[in-house]
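Note that my numbering numbers the sequence shown so that position 343 is 405, with each residue one more than the last.
Remarks on the structure that follows.
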Amino acid sequence: MSHPSPSTAWQDPQPLDVASAPVPEYGKGSLADLLPTLAAGMSVPGLEAATPELTPADRNCVFLIDGLGWEQLLAHPDEAPYLTSLLASSRGGTRRPITAGFPATTATSLASVGTGLPPGSHGLPGYTVRNPATGELMNQLRWNPWTQPKVWQPYPTVFQLADQAGVHTAQVSSPTFRDTPLTKIALSGGVFHGRLAGEERMDLAAEQLAAGDRSLVYTYYAELDGKGHRFGVDSDAWRGQLMYVDRLVQRLAEQLPPRSALYVTADHGMVDIPFGDETRIDFDADWELRAGVALLGGEGRARHVYAVPGAEADVLTCWREVLGEQFWVASRDEAIAAGWFGPRIDERVRGRLGDVIAAARDDVLIIASEGEPNESLMVGNHGSMTPAEQLVPLLEVRS
């Protein structure tokens, strides 16, 4: 009876190569490239058409549906017949999606959309990140603890540049978002119109498109993402929201004024993670993962890990040993060099990134049952660079 040699039978598991992570298409096919391309097509100075597949239009509307990933849309044609009928139009008729950017999370993605910049430049590189000035974790979605918005994100938005260039510019969203810091630093410029009902938003977005010879209008719907987090992306509740969203898109598309282009996209996709110790690794109960860690940021599938000074190398080694077969685990410098956050990193942003950054490849989470009790109970999750999270549609309707 033959036996395998020790050199082949007992090899240590090899961690995922950082270079194997599917980096977003910054500079040509990411969310950050959409508005600059549309605005450049309307002759807004200082902006370039980064996504060459898109054809200019005088009036452009972006409808961002929170949580509607490309793979989730493909998997539910019966619930979304109208959106499914538009799949061939995606990304200028190429039938291809675009990428959200890393991490694939709402605050980061909305900042990328509105500023036209990748996360390494706009500086919202995660759900929660360390504020180097205070040493505290900052939740960039809820803007807590509060910090000066224009210090945190100093660049003008594409909406502001378009407004200054004489383009009629408007945002149509829930009144809840009118005065939030995230809206101010990512989506401001022109006039904000708050409407609660989805149908009212669609009708008003169409009116705002018609209000100028050149128009740039943004509208948003959040509830699909909420149902996905709570119940999962294959639940009846999520499917019901998708059916509603499908009707909203058709309602808006049927009201487009002449010379208009409607783009339907999303900030990220989502994956359902089973409940169990093997799929939900609890940082708060794992002494190995906690060793040398001062702060745990990010979210379950895209973690920023801030080490105690001097412990950075040890934390990286430990996280790779424990998680490296399921997560891409990188040092800050490795993640930057690999382009995870874009082609360049502003100096003010560097200290916001974790000393160690862990992005999930498999269906697994790093939860924090004590520090993040609500987030730890979510069924649907997102943040990483897998296709289910990263790929989003860019459906198009023209009048």
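For glycine and all other residues, C-beta sits at the position ideal for the given N, C-alpha and C.
Looking at the unbroken beta strand (DSSP E) that takes in residue i, where does it start and where does it end?
i: G360; result: 355–361
i: L126; result: 121–127
i: E458; result: 457–460
i: T327; result: 322–327
Assuming residue i contacts residue j under a Cβ cut-off of 8 Å, what Cβ separation, rounded to an integer in Å, is found between them?
i: S446; j: P165; result: 7 Å
i: F221; j: G251; result: 3 Å
i: W214; j: G178; result: Going by Cβ atoms, the distance from W214 to G178 rounds to 17 Å, so no, they are not a contact pair.
i: D334; j: G294; result: 4 Å
i: G362; j: R394; result: Rounded, the Cβ-Cβ distance is 20 Å, inconsistent with contact.
i: Q388; j: V418; result: The Cβ separation is near 15 Å, so there is no contact.
i: A284; j: D128; result: 5 Å
i: T327; j: P455; result: 6 Å
Please classify residue i: does DSSP put it in a helix, a strand, or coil?
i: M536; result: Lying outside 63 to 461, the shown extent of the chain, residue 536 is not represented and no answer is given.
i: H138; result: coil
i: S64; result: Below a pLDDT of 50, predicted positions are generally treated as unreliable, and S64, at 45, falls in that range; the measurement from the model is reported next regardless. Reduced to three states, the DSSP call for S64 is coil.
i: I247; result: helix
i: L415; result: coil
i: A364; result: strand
i: L130; result: coil
i: T161; result: strand
i: G89; result: coil
i: H330; result: coil
i: Q76; result: coil
i: I398; result: helix
i: F254; result: strand
i: Y144; result: helix
i: Q233; result: strand
i: T190; result: strand
i: D241; result: coil
i: V279; result: strand
i: M200; result: strand
Can you give the Cα-Cα distance for residue i and residue j, rounded to whole angstroms?
i: D308; j: G260; result: 11 Å
i: P286; j: G372; result: Reading the sequence as shown, one finds Leu at residue 286 and not Pro. For L286 and G372, the distance between alpha carbons rounds to 43 Å.
i: T70; j: L385; result: With a pLDDT of 46 at T70, under the threshold of 50, the modelled position of this residue cannot be trusted; read the value that follows with caution. The alpha-carbon atoms of T70 and L385 are separated by roughly 22 Å.
i: G89; j: I428; result: 30 Å
i: E350; j: H366; result: 16 Å
i: V355; j: A421; result: 17 Å
i: G442; j: R292; result: 7 Å
i: Q134; j: R313; result: 21 Å
i: A273; j: E374; result: 55 Å
i: R192; j: P319; result: 45 Å
Residues in its own chain within less than 6 Å of residue i by CB, not counting five upstream and five downstream?
i: V452; result: Per the sequence presented here, residue 452 reads as Gln, with Val not at that position. Excluding residues within five positions, the ones whose Cβ falls inside 6 Å are T161, A162, A166.
i: L271; result: R121, C123, S277, V279, P319, S322
In its own chain, which residues sit with a C-beta less than 8 Å from the C-beta of residue i, not counting the 5 before and 5 after it?
i: V80; result: W390, V391, A392, E396, A397, A400
i: A150; result: R157
i: P405; result: Y88, G89, P180, G182
i: P98; result: L109, E110, A111, A112, G178, V220
So the alpha helix (DSSP H) residue i belongs to, where does it begin and stop?
i: F467; result: Lying outside 63 to 461, the shown extent of the chain, residue 467 is not represented and no answer is given.
i: G155; result: 152–155
i: F389; result: That residue, F389, is in no alpha helix (DSSP H); its beta strand (DSSP E) goes 389–393.
i: R309; result: 298–315
Could you confirm whether any beta carbon from chain D is found closer than 8 Å to the beta carbon of residue i?
i: I419; result: In the displayed structure, chain D is absent; only one protein chain is listed.
Please work out which residues of its chain come closer than 7 Å, Cβ to Cβ, to residue i, disregarding the five sequence neighbours upstream and downstream, and give them in chain order.
i: L223; result: A101, V106, G108, L109
i: P194; result: G413, R414
i: A267; result: C123, V234, V279, T281, L314
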